[in-house]
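Numbering-wise (numbering that gives the first Met the number 0), the sequence shown opens with residue 0 and increments by one.
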Amino acid sequence: MKEINLERLLCPMPVIKTQNALRGMQSGEQLKVICTDPGTMHDIPAWCKVNDYILVEAKQVEDKYQFVIEVK
Numbered sequence: 000m001k002e003i004n005l006e007r008l009l010c011p012m013p014v015i016k017t018q019n020a021l022r023g024m025q026s027g028e029q030l031k032v033i034c035t036d037p038g039t040m041h042d043i044p045a046w047c048k049v050n051d052y053i054l055v056e057a058k059q060v061e062d063k064y065q066f067v068i069e070v071k
């Protein structure tokens, strides 16, 4: 699983960097995203829904927000 660390980045950068990281990934591949911006708990799930990606996991661990996104 590919992983990107987007700590200390604020909106809209986590979504943009997530989108860029998913480019070129194949169906079934997963991306783990780690953020510190609380807005990502809304933004990334909404972006996944609009762009037809599977949000496998979204959780808060201490002061970080972690997402696992799968390419359809």
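All residues carry an ideal CB built from backbone N, CA and C; glycine is no exception.
Inset, instruction - Hey, could you find the ends of the alpha helix (DSSP H) CYS34 is sitting in? - result: It is not in any alpha helix (DSSP H) - CYS34 instead sits in the beta strand (DSSP E) that spans 29-34.
Legend entry - Option in LYS31, GLU56, MET12 with minimal Cα separation from GLY38: MET12
Inset, instruction - Could you pull out every residue in the same chain whose Cβ sits closer than 8 Å to the Cβ of LYS63, ignoring the five residues on either side in sequence? - result: GLU6, ILE33, CYS34, THR35
Inset, instruction - Output the distance between the C-alpha atoms of VAL55 and LEU8, rounded to the nearest integer angstrom. - result: 22 Å
Inset, instruction - State the Cα-Cα distance for the pair ASN19 and LYS48, rounded to the nearest angstrom. - result: 16 Å
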